[in-house]
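Before any comments, here is the structure.
In the numbering used here, the protein residues as written are 862 to 953.
Rendered as structure tokens:
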């Protein structure tokens, strides 16, 4: 039985699996699709931010991937202001 019958959650779980398999480019594409379908999917935003940061060789605040990842964390903070995890992620 699938973890979730909701198609958006299946996209999320597939993307998370891709990340564990080192298929970040595919995971990023899937997560972008997920967020396009549901802009309020908090885990999708956070996981996309992580994937964007993981694919960088050098972490640099001026890198487009870093800029996008931080914007995603800001979005999560506005979607779920009582969750401390995005704030912790942003400090890392």
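We put the CB at the ideal spot given by N, CA and C, even for glycine. All of these numbers come straight from a predicted model, not from anything done at the bench.
### Between the CA atoms of residue 939 and residue 896 - distance to the nearest angstrom
15 Å
#### Entry: Proximity to residue 936 [Cα-Cα], best of 915, 871 and 909
909
### Task
Could you please give the first and the last residue of the uninterrupted alpha helix (DSSP H) stretch that includes residue 925?
Per DSSP, the continuous alpha helix (DSSP H) segment holding residue 925 begins and ends at 925 to 940.
#### Entry: Sequence-distant residues of its chain with Cβ nearer than 6 Å to residue 887 (five each side left out)
879
#### Entry: residue 943 versus residue 892 - alpha carbon distance
Cα to Cα, the separation comes out at about 23 Å.
### Query
From which residue to which residue does the alpha helix (DSSP H) around residue 883 run?
Counting along the chain, residue 883 falls outside any alpha helix (DSSP H), and DSSP gives it neither H nor E.
### Task
Just mark residue 928 as buried or exposed, buried being the case when its beta carbon has 16 or more other beta carbons within 10 Å.
exposed
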